[in-house]
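Heads up: the sequence lines are chains D and C, in that order. Counting with UniProt numbering, you get residues 1 to 249 for the letters of the first sequence. Counting with UniProt numbering, you get residues 1 to 338 for the letters of the second sequence. Below: one structure, written as structure tokens.
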Amino acid sequence: MLELRDVQVVFDGFRALDGVDLTVPDGELRFLIGPNGAGKTTLIDVITGLTRPAAGSVRFAGHDLAGRKEHQIVRLGVGRTFQTSVVFEELTVIENLDLAAGFRKPLWSLARRRRGVSETVAEALARTGLEELAERSAGVLSHGQRQWLEIGMLLAQRPKLLLLDEPVAGMSKDERERTGELLTRIADDHTVVVVEHDMEFLRRHASTVTVLHEGRVLVEGSVDQVSADPRVQEVYLGRKASDAVGNRP
Amino acid sequence: MIRRNLPFATVAVIVLVAAPLLLEPFRLSLLAKYLCYAIVALGIGLAWGQGGMLTLGQGVFFGLGGYSMAMHLKLTEGGGLPDFMVWSGVEELPALWVPFANPVFALGMAVLGPVAIAAILGTLVFRQRVRGAYFAILTQALAAAMVILLVGQQGLTGGTNGMTNFFDLFGRDLAEDSTQRGLYLVVASVLGVLYLATRQLVNSRYGRLLVAVRDGEDRVRFLGYDPALVKTVTFAASAGMAGLAGALFVPVVGIISPALLGVVPSLELVVAVAVGGRHVLAGAVLGAVVMGYAQTAFSEQFADGWLYLQGALFILVMTLAPKGIIGVAERLRRARTT
Ligand SMILES: Nc1ncnc2c1ncn2[C@@H]1O[C@H](COP(=O)(O)OP(=O)(O)O)[C@@H](O)[C@H]1O
Ligand SMILES: [Mg+2]
């Protein structure tokens, strides 16, 4: 279970997060929405140790995450992707996945050459549908394929909690559909938090949604509850929430 | 397997068999000197080419190795205090020098000293996420500081002149051609073994991790690795290579002095790696040998021209062929096969 209590983040006097409380039970697929600048990415940054909170607590699976280094948090089973995907372009798809899968091995044991494909890597390849591209260098992948590779790398780490920052941004309709199915399947055996704007995508794949606004949690509930909420509509400038949310990049 | 190792085997035969048979002793010694530089370059190829750490201070580690060996050689000559100490009025052997009479200690220090210093420096610096140009400047400052230290401690280090006049190595006469030929073979073998080991490392999972750290250090953290540790280990390995190279250089060339390990020589080696091609280890080695040879050939004719030529060559390579000689060779080969 992921538990944030009264988390505050201040950048040069600006409150990016202003007392966020958030609880995500094990096995849930949670969507996080909110206008640009609401603090969604900052929230993920705080959980993963990239940004230090000014106050509040972040706990995951019984561990206090505050003050831990990024790689230590990963070792506790928390994985993330970034809004702009970062894969290692000079390495092949397999090598990217293998690297992600290997972090629990002691450093000296990495001094040997990779032979074949480990079970974890094969599984991540299959789940993301990247088998055909396995030996290609990641630099030649399309935008959508890169996002899948990132998700695959995350899976190869065998995390308990996955935090995905706008994984379908910039994808075609087909790609979104595939990604949605992928996320749903992943959520079968992981806890997943997805930052996403697209209302249609939310309707199809979300169960619980948390709306963030100006660094605070505005509403939490089902997609229908949330989009019917007057406060949410107000945040999106009085327009119908479904339109406003749906059109954001 | 055989195909992949064919280029290496060919070069190994030329260097180990053909060169000692064909080259006169003077030329062979010069080649040994270039191969010493090539060992340093190999370390730079690993740290910079693969790991993205632009180290401008490898001269420091080279120097530590060189001075360790020089101290040992000075102590085994017999006849009391080293010559330069007598000239600078030192009457008793400084305590720091005493253990260097032992060859194992001296050789150990030549390698482990640089490894330890690089490991400490790396731990401090990489944890603070000092990188890129800041790291480069820091290592360069280290090289400058090392020179000041050595020059200032006249009685301990021989000051500006450093140390020279070595006569024997582990009981062999250094002036003998056979000793020099043996030394050449040792240097070449050390380079060969280190090259194979480093290549193995680069091709291993660790090598992939190193490239990942170079291209996306922040991303690597979120894969659960500690980039600072990866960089520190790599930097320490490159320092160890430079130290060993320094220790071999001293009996080959017969001198060690601050001028051989300051800012300029450190930079020259990085330039050599860039000219050869930093993205592959063979490029680093090739660059060191080519630039070493070019320096000798050029300086024999125009003494001062070399520095300018070197600068011009560097700019030329950086703008026209950023992957260096090896990059050009690869392009030519691909053009021929397609
Ligand atoms: N490193 C930073 N320094 C200063 N301000 C930042 C930094 N990161 C984010 N912010 C600000 O914090 C607010 C929240 O940003 P972010 O979490 O990226 O929003 P979202 O992902 O919801 O669009 C924005 O106003 C942004 O400008
Ligand atoms: Mg964002």
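Backbone N, C-alpha and C fix where the C-beta goes; we use that ideal spot for every residue, glycine too. These figures come from a predicted structure and were not determined experimentally.
Which residues in the same chain as glycine 238 of chain D place their Cβ atom closer than 6 Å to its Cβ, once the five residues preceding and following it in sequence are excluded?
Here glycine 238 of chain D scores only 48 on pLDDT, less than 50, and its place in the model should not be relied on; the value that follows carries that caveat. Within the same chain, glycine 238 of chain D has no close Cβ partners at all.
Can you give the Cα-Cα distance for valine 252 of chain C and leucine 110 of chain D, rounded to whole angstroms?
In this structure, the CA atom of valine 252 of chain C is about 36 Å from the CA atom of leucine 110 of chain D.
Is alanine 212 of chain C close to chain D, meaning its C-beta is less than 9 Å from at least one C-beta of that chain?
The Cβ of alanine 212 of chain C sits closer than 9 Å to at least one Cβ of chain D.
Closer than 9 Å, CB to CB, is arginine 205 of chain C near chain D or not?
Yes, its Cβ sits closer than 9 Å to a Cβ of chain D.
Residues sharing a beta bridge with glutamate 220 of chain D, DSSP
According to DSSP, which records beta bridges pairwise, glutamate 220 of chain D is partnered with D/Thr210.
Option nearest alanine 124 of chain C by Cα separation, candidates C/Ala228, C/Val40, C/Trp87 and C/Gly262:
Correcting the residue type first, residue 124 of chain C is leucine in the shown sequence and not alanine. Considering only alpha carbons, the answer is C/Ala228.
Relative to the C-alpha of glutamate 177 of chain D, which residue among D/Arg112, D/Glu3, D/Ala206 and D/Arg59 is closest?
Comparing C-alpha distances from glutamate 177 of chain D to each of D/Arg112, D/Glu3, D/Ala206 and D/Arg59 shows the shortest one belongs to D/Ala206.
Could you tell me whether the Cβ atoms of valine 263 of chain C and alanine 144 of chain C are closer together than 9 Å?
Yes, the pair counts as a contact, with Cβ atoms nearer than the cut-off.
Going by the CB atoms, is the gap between valine 202 of chain C and leucine 281 of chain C shorter than 9 Å?
If you check the CB distance, leucine 281 of chain C and valine 202 of chain C come in under 9 Å.
Leucine 33 of chain D bridges to which residues according to DSSP?
At residue 33 of chain D the sequence reads isoleucine, which differs from the leucine that was named. The partner list for isoleucine 33 of chain D (beta bridge, DSSP) reads D/Val211.
Contacts that phenylalanine 88 of chain D makes with chain C (C-beta to C-beta distance below 9 Å):
Chain-order list of chain C residues neighbouring phenylalanine 88 of chain D: Arg208, Val211, Ala212, Asp215, Gly216, Arg219 and Val220, by C-beta distance under 9 Å.
State buried or exposed for glutamate 132 of chain D, treating a residue as buried only when at least 16 other CB atoms are found within 10 Å of its CB.
Counting Cβ neighbours within 10 Å, glutamate 132 of chain D comes out exposed, since fewer than 16 surround it.
Within 9 Å of any Cβ in chain C, is that where the Cβ of threonine 120 of chain D sits?
So, not an interface residue.
Where valine 10 of chain D falls: helix, strand or coil (DSSP)
In this structure, valine 10 of chain D counts as strand in the three-state DSSP scheme.
Going by beta carbon distance, what residues of the same chain come within less than 7 Å of valine 245 of chain D, once the five residues before and after it are set aside?
Unreliable positioning characterises valine 245 of chain D in this predicted model, as indicated by a pLDDT of 49, which lies under 50. The coordinate reading is nonetheless provided below. Beyond the five residues adjoining it in sequence on each side, valine 245 of chain D comes within less than 7 Å, by CB distance, of Ile33, His197, Met199 and Tyr236 in the same chain, given in chain order.
Cutoff 9 Å: phenylalanine 60 of chain D Cβ touching any chain C Cβ:
It does not; no Cβ of chain C falls within 9 Å.
The alpha helix (DSSP H) that contains phenylalanine 60 of chain D, what's its start and end?
Element bounds for phenylalanine 60 of chain D: not the alpha helix (DSSP H) but the beta strand (DSSP E), 55-60.
Whose C-alpha, out of D/Arg104, D/Arg216 and D/Val140, is nearest the C-alpha of arginine 15 of chain D?
The option with the nearest alpha carbon to arginine 15 of chain D is D/Arg216.
Cα-Cα separation between glycine 37 of chain D and threonine 128 of chain D, rounded to whole angstroms:
Approximately 30 Å between the Cα atoms of the pair.
Would you say the beta carbon of proline 35 of chain D comes nearer than 8 Å to a heavy atom of ligand 1?
Yes, the beta carbon of proline 35 of chain D sits closer than 8 Å to at least one heavy atom of ligand 1.
Could you tell me the distance, in whole angstroms, from the CA atom of leucine 28 of chain C to the CA atom of threonine 157 of chain C?
Looking at the two C-alpha atoms, the distance is approximately 29 Å.
With DSSP as the reference, identify every bridge partner of glutamate 3 of chain D, one or two as the case may be.
Answer by DSSP bridge pairing, in chain order: D/Thr23 and D/Arg59.
Delimiting residues of the beta strand (DSSP E) encompassing valine 194 of chain D
Bounds of the beta strand (DSSP E) holding valine 194 of chain D are 191-195.
Which chain D residues sit within Cβ distance under 7 Å of tyrosine 225 of chain C?
Within chain D, the residues near tyrosine 225 of chain C are His71 and Phe103.
Against chain D, with Cβ distances strictly below 9 Å, would leucine 201 of chain C count as a contact?
Taking Cβ atoms only, chain D reaches closer than 9 Å to leucine 201 of chain C, which makes this a yes.
Given that leucine 229 of chain C touches chain D, what residues does it touch there, using C-beta distances under 7 Å?
Residues of chain D passing the Cβ test: Leu107.
Which value, in whole angstroms, describes the spacing of the CA atoms of leucine 169 of chain C and valine 86 of chain D?
Going from the Cα of leucine 169 of chain C to the Cα of valine 86 of chain D covers about 54 Å.
If you measure from the beta carbon of valine 233 of chain C to each beta carbon in chain D, is any gap under 9 Å?
Chain D, which has a Cβ nearer than 9 Å to the Cβ of valine 233 of chain C, makes this yes.
Residue closest to isoleucine 44 of chain C, alpha-carbon to alpha-carbon, out of C/Val147, C/Gly192 and C/Gly283:
Ranking C/Val147, C/Gly192 and C/Gly283 by Cα distance to isoleucine 44 of chain C puts C/Gly283 first.
How would you list, in chain order, the residues of chain C whose beta-carbon sits under 9 Å from the beta-carbon of threonine 41 of chain D?
Contact annotation for threonine 41 of chain D against chain C: no contact, minimum CB-CB distance about 14 Å [criterion: below 9 Å].
Coil, strand or helix - residue 318 of chain D by DSSP:
Lying outside 1 to 249, the shown extent of chain D, residue 318 of chain D is not represented and no answer is given.
Please confirm whether any heavy atom of ligand 2 lies closer than 8 Å to the CB of threonine 41 of chain D.
Within the cutoff, so yes.
What's the gap between the Cα of aspartate 189 of chain D and the Cα of alanine 228 of chain D?
Whole-angstrom Cα-Cα distance: 30 Å.
Can you grab the Cα-Cα spacing for the pair serine 238 of chain C / leucine 185 of chain C, in whole Å?
Rounded to the nearest angstrom, the two C-alpha atoms are 22 Å apart.
Is valine 195 of chain D near ligand 2 - that is, is its Cβ less than 8 Å away from at least one heavy atom of it?
Under cutoff, so the answer is yes.
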